[in-house]
């Protein structure tokens, strides 16, 4: 083989390497631009997950009440995830809304630990899509009933892949049965035992607010107070702060908690960036 042949082979190899490197360079450039765009983003959504048997319409009244007492209305984006992990969207995030509500629900919204694991996987599919489309770098999470369980499982099993790009600041759970319907904390369900075992994976900077309804001294009518309180075995001494709040008075039973005025006040105080100035609803032409 002569020198010309060797030269041609070498030149061909260089050309092939350059061609192969073009897609990698384009991907890297796009990834760097995405990271730069994300780091500058002021978007800070509140992502909400309803409980079992509930749809993305579950929080309509809650959000309506919040929007009546804030200067700027929060837009709403709803995502439903099918059993085949297909996403269906409704609503939208308005251009200048920096604190939108995003509600993620599931076609298969049945109860049970096995289904909660599936729903956490479906939540991850939806969250990954949100990250790609909206490029936010921080968010707050809210879960009613089993929605809090889904968030907890997701945090322990999926969140680490997003930690460097989007920080979860606060998690608020409402009537979340960490020990299902078991009243005796000494009798830990498999789910609670698994959550406690995996708690070291929880983000250390997270602040958790656990709300329970005080319809009576034992439960909110469905979930035992001791089951909600079992969350302390998961979060205490693992996250930055863990706060337990008992909601009493009217609408303190499990199904009405999302409409409870105290709950709405706590959401406004802890999940939104700044307490907004109250406005007189009778002056709003669009209410």
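Residue numbers (the UniProt record's numbering): 1 to 287. From the three backbone atoms N, C-alpha and C, an ideal C-beta is built for every residue, glycine too. For clarity, every value in this text was computed on a predicted model and none was experimentally measured.
query = Which term fits residue 16, buried or exposed, when burial requires 16 or more other beta carbons within 10 angstroms of its beta carbon?
reply = exposed
Closest by CA to residue 303, which one among 146, 62, 138, 49? Residue coverage of the chain in this structure runs from 1 to 287, which leaves residue 303 outside it and unanswerable.
Residue 267 classed as buried or exposed, judged by whether at least 16 other C-beta atoms fall within 10 angstroms: buried
- Please classify residue 110: does DSSP put it in a helix, a strand, or coil? coil
- residue 84 to residue 104, Cα distance in whole Å? 15 Å
Margin query: Here's the rule I'm using: 16 or more other beta-carbon atoms within 10 Å means buried, otherwise exposed. How should residue 234 be labelled?
Written below: buried
Q. Can you pull the DSSP bridge partners for residue 144?
A. 174
Exercise. Taking residue 228 as part of the alpha helix (DSSP H), name the residues at either end of that continuous run.
Key: 225-229
Report task. Alpha carbon to alpha carbon, how far is residue 81 from residue 250? Give it in angstroms, no decimals. Result -> 33 Å
query: Going by alpha carbons, who is nearest to residue 271 out of 131, 195, 138, 193?
result: 138
**Study point:** Delimiting residues of the alpha helix (DSSP H) encompassing residue 234
**Key:** 232-235
Consider the C-beta atom of residue 123 and the heavy atoms of the ligand NAP; say whether any pair is separated by less than 8 Å. What this structure holds is no ligand at all, so the ligand NAP is not there to describe.
**OP:** Compute the distance between the beta-carbons of residue 50 and residue 58, then report whether it is under 9 Å.
**Re:** yes
(Q) Need the endpoints of the beta strand (DSSP E) that residue 186 sits in, please. (A) Looking at the DSSP string, residue 186 is not in any beta strand (DSSP E), and its letter there is neither H nor E.
ask   = Since residue 208 is in the beta strand (DSSP E), which residue starts that stretch and which ends it?
value = 207-213
(message) Does the structure place the segment 169-185 close enough to the segment 129-144 that three or more beta carbon pairs sit under 8 Å?
(response) yes
### Message
Would the segment 149-163 count as touching the segment 121-131 if we require 3 or more Cβ pairs under 8 Å?
### Response
yes
(message) Would you call the segment 63-82 in contact with the segment 92-103, where contact means no fewer than 3 C-beta pairs closer than 8 Å?
(response) yes
| message | Are the CB atoms of residue 217 and residue 170 within a distance shorter than 9 Å? | response | no
Subject >> Residue environment, residue 30, which counts as buried when at least 16 other CB atoms sit within 10 Å >> reply: Note that residue 30 scores a pLDDT of 45, beneath 50, so its modelled location is shaky; the value from the coordinates is reported in the next line. Counting Cβ neighbours within 10 Å, residue 30 comes out exposed, since fewer than 16 surround it.
Discussion item. Assuming residue 214 and residue 247 are in contact, meaning their beta carbons sit under 8 Å apart, how far apart are those beta carbons, in whole angstroms?
Written reply: 6 Å
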